[in-house]
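Asker: Take this structure first; my questions come after.
2 protein chains.
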Amino acid sequence: MSLDRLIEKIVETQNPTVVGLDPKPEYIPDFIKTRALAKRGETLKATARAFWKFNKGIIDAVHEVVPAIKPQLAFYEMIGVEGVKVFHKTAEYAKERGMFVIADGKRNDIGSTAEGYAAAYLGKVQVGSSEFSPFPADALTVNGYLGSDGITPFIDVCKKYDKGIFVLVKTSNPSSGELQDRLVDGVPVYEVMGRMCEEWGRESAKKYGYSGVGAVVGATYPEQIAEMRAKLPNTFFLIPGYGAQGGKADDLKSAFDSRGLGGIVNSSRAVMCAWQKEKCDERDYADAALREVLRMKNELINITGEIRL
Amino acid sequence: MSLDRLIEKIVETQNPTVVGLDPKPEYIPDFIKTRALAKRGETLKATARAFWKFNKGIIDAVHEVVPAIKPQLAFYEMIGVEGVKVFHKTAEYAKERGMFVIADGKRNDIGSTAEGYAAAYLGKVQVGSSEFSPFPADALTVNGYLGSDGITPFIDVCKKYDKGIFVLVKTSNPSSGELQDRLVDGVPVYEVMGRMCEEWGRESAKKYGYSGVGAVVGATYPEQIAEMRAKLPNTFFLIPGYGAQGGKADDLKSAFDSRGLGGIVNSSRAVMCAWQKEKCDERDYADAALREVLRMKNELINITGEIRL
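Order-wise, the sequence lines are chains A and B.
2 is the number of the first residue of the first sequence in the working numbering; add one for each residue after it.
2 is the number of the first residue of the second sequence in the working numbering; add one for each residue after it.
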């Protein structure tokens, strides 16, 4: 179990960015949608085809400069079975192109059900004497509300296949405090959860100081990022909420250690919709995505300095 | 938004039971698996085919005496895209046979991502001028760790299509207390979450006294069931953990109001594996499931008395 491959990719690309591939029809250039509709008619298959073409274009453009993608499962499930197929294809393709794939499913359950999710995204499934990876991700986001029974089945699978998880600790949304900021014996719930992450990661390999159990900590809460970095020295952060949700680059400084490691910052809309913001030719959407990714890389590398193992 | 159709089905069948359809290869009779392997070879398609045949047999056997099924999405995702297809087919078939379908996905996210999950399971998706239901469920289990931002998008969709959600409050597993029992200003986290359910359900229709925002409360914690029933008068309970996990019928008494309403009790393994426990001919697995369901119905109706609207 580890996030070592992710960390190595971050150092290789000198870029602590993960591109969120959360396709929505309104993010996709018309020429892609028109072609898909012409081929498949007004069906979910047409939307699925458009999602795939769009994703492929972005992966082709950014895979050499970005270490990872993070597809949000909701956007694929939203178009049914056809969408789930596109998620599978996207994950597989990104891995072929050398990227680390974080499936953002926020899955959670207990016992054999959690084992099911773990096998689905991080493990293997046996049929007779043959083995299959149902959805080939490298890491999965999970929700720890159910306690250890909901996390250890994921850890067992991560140990077997050298995968990782990211547990929701302090989420980026405005109402995250309704539960997460409430005090338990003077300690906020997000810190209780964060400390559990350290505990769950205790027996993990930590080649670069970080375990295979990461934490989701929102860019919109810079004070909490700083606090959690200090209190969770072995927990790697997945940081959503940068850009569109209001998180600023300067606020992220405290997420990183002196080597520039410790976190990876997600950007979804800013990358997918860069062509709309630039008002460039829609056929250049992938190049616009690359330009945005490079802009963000510069912004972050100014903060982290050279990233070292 | 409501759970009224579920409540009406419970009264019609006089049975506050939901059958968890969580297929695993070891629960499935050999004759089904052998046929599927012969037809599809050692592939996930073969497992998917076995799951579908097994589910269909159980639905055919129990649909007149059980109000609802609760497929656990993990078991379908575990066999990849083919499994997700079987989930779709199972939900559609159960609805055709008049059953209420609770998709047990414990989904959770914020903003447009939560809207995505809501559309996927409870709503509709537009392609051009055509509309589709990606996965046709009547209710979905959700995790409220992210606060209102993670719940209101589901509620908006429920309002539009008269669907419901069940929020995790006090889960049935041994370690649920690690977070859920911790005290926030003297109030356990599960109660904080439960009170949010009442709040989220405030504007829902309540034809029979219960809103469209239900709560998951484990049968393994009878004291908490009693406490939550008293404190959450408008919140309908989905109760896992009965049977295999150790929850007993007598412990459930307090979940129900004086009309016998207020909760629905899940049984998965005891129903799916009744043929193994009975040691009957494996070809009678569906009849064995029916016998178990009737046994459980009698047990529960002894507690609730005649169930009335």
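Glycine residues also receive a C-beta, built at the ideal position from the N, C-alpha and C atoms.
Computed from a predicted model, the values in this text were never measured in an experiment.
#1: What residues from the stretch 166-199 of chain B come within 8 Å of chain A, judged by C-beta to C-beta, listed N to C?
#2: Please state whether the Cβ-Cβ distance between A/G247 and A/G219 is less than 7 Å.
#3: Which of the residues in the stretch 27-42 of chain B, read from start to end, lie with their CB under 7 Å from any CB of chain A?
#4: Between A/R260, A/A289, A/S3, A/A256, which lies nearest to A/V217 when the distance is taken from Cα to Cα?
#5: Strictly by DSSP, which residues pair up with A/Y243?
#6: Run the CB neighbour count on B/R284, radius 10 Å, all protein chains shown included, and call it buried at 16 or more, exposed below.
#7: Out of curiosity, what's the CA-to-CA distance linking B/Y162 and B/S205?
#8: The stretch 69-86 of chain B: which residues have C-beta closer than 8 Å to a C-beta of chain A, in chain order?
#9: According to DSSP, is B/R196 helix, strand or coil?
#10: Count the CB pairs spanning the stretch 169-181 of chain A and the stretch 142-152 of chain B that are closer than 8 Å, and state whether there are at least three.
#11: Could you tell me whether the Cβ of B/T142 comes closer than 7 Å to any Cβ of chain A?
#12: Taking its Cβ as the centre, do 16 or more other Cβ atoms sit within 10 Å of A/L262, making it buried, or is it exposed?
#13: Of all the CB atoms in chain B, is at least one closer than 7 Å to the CB of A/A271?
#14: For A/L310, write down the residues that DSSP places opposite it in a beta bridge.
#15: Rounded to a whole number of angstroms, what is the C-alpha to C-alpha distance between A/K40 and B/S131?
#16: Which residue's Cα is closest to the Cα of B/L301: B/I8, B/T18, B/L4, B/L7?
#17: Keeping to the same chain, check which residues put their C-beta closer than 6 Å to that of B/G244; ignore five residues upstream and five downstream.
#18: Mapping DSSP to helix, strand and coil, what is A/G58?
#19: Going by C-alpha distance, which of A/G195, A/D252, A/L295 is nearest A/V67?
#20: Are B/V126 and B/P135 touching if we call contact CB-CB under 7 Å?
#21: Would you kindly report the start and end of the unbroken alpha helix (DSSP H) that includes B/K232?
#22: Mind pulling the chain B residues with CB within less than 7 Å of A/V128?
#23: Give the DSSP-derived three-state secondary structure of B/I265 in the structure shown.
#24: Touch check for the stretch 188-205 of chain A and the stretch 25-37 of chain A: three-plus C-beta pairs under 8 Å?
#25: Figure out for me which residue from B/I166, B/A120, B/A95, B/M79 has the closest Cα to the Cα of A/F155.
#26: Taking B/A140 and B/G124 to be in contact with their CB atoms under 8 Å, please state how far apart those CB atoms are, rounded to whole angstroms.
#27: For B/G112 and A/G84, what's the separation of their Cα atoms in angstroms?
#28: Below 9 Å on C-beta distance, what does A/D23 contact in chain B?
#29: Beta-carbon within less than 7 Å of A/F101's beta-carbon, same chain only, minus the 5 sequence neighbours each way: which residues are those?
#30: Counting contacts by CB-CB distance shorter than 7 Å, is A/G148 in contact with chain B?
#31: Starting from the Cα of B/A231, find the closest Cα among B/E199, B/F32, B/D110, B/K160 and give me that residue.
#32: Any C-beta of chain B sitting closer than 7 Å to the C-beta of A/D157?
#33: Taking the continuous beta strand (DSSP E) assigned at A/Q127, which residues delimit it?
#34: Chain B partners of A/N109, CB-CB under 7 Å?
#35: So the candidates are A/K90, A/E192, A/K71, A/K208; which of them puts its Cα closest to the Cα of A/T142?
#36: Among the residues of its own chain, which have a CB less than 7 Å from the CB of B/E293, if the five just before and after it don't count?
Answerer: According to the structure data:
#1: L169, T172, S173, N174, P175, S176, S177, G178, E179, L180, Q181, R183, L184, V185, D186, V190, V193, M194, M197
#2: no
#3: L38
#4: For A/V217, the closest of A/R260, A/A289, A/S3, A/A256 by C-alpha to C-alpha distance is A/A256.
#5: Per DSSP, A/G248.
#6: exposed
#7: 12 Å
#8: Q73, A75, F76, E78, M79, I80, G81, V82, G84, V85, K86
#9: helix
#10: Yes, since at least three Cβ pairs between the stretch 169-181 of chain A and the stretch 142-152 of chain B fall closer than 8 Å, the two stretches touch.
#11: no
#12: With 16 or more Cβ atoms within 10 Å of its Cβ, A/L262 is classed as buried.
#13: no
#14: A/L310 pairs with nothing; no bridge assigned.
#15: 16 Å
#16: B/T18
#17: S268, A271
#18: Helix at A/G58.
#19: A/L295
#20: Yes, the Cβ-Cβ distance between B/V126 and B/P135 is below 7 Å.
#21: From DSSP, the alpha helix (DSSP H) with B/K232 extends over 223-232.
#22: E43, T44, L45, A47, T48
#23: Strand, per DSSP.
#24: no
#25: B/M79
#26: Incorrect: roughly 12 Å between the Cβ atoms, too far for contact.
#27: So the two alpha carbons sit approximately 20 Å from each other.
#28: S113, T114, G117
#29: R6, L7, K10, P68, A69, D139
#30: True, the Cβ-Cβ gap to chain B drops below 7 Å.
#31: B/E199
#32: Not an interface residue.
#33: 126-128
#34: K107, N144
#35: The option with the nearest alpha carbon to A/T142 is A/K71.
#36: A271, V272, A275
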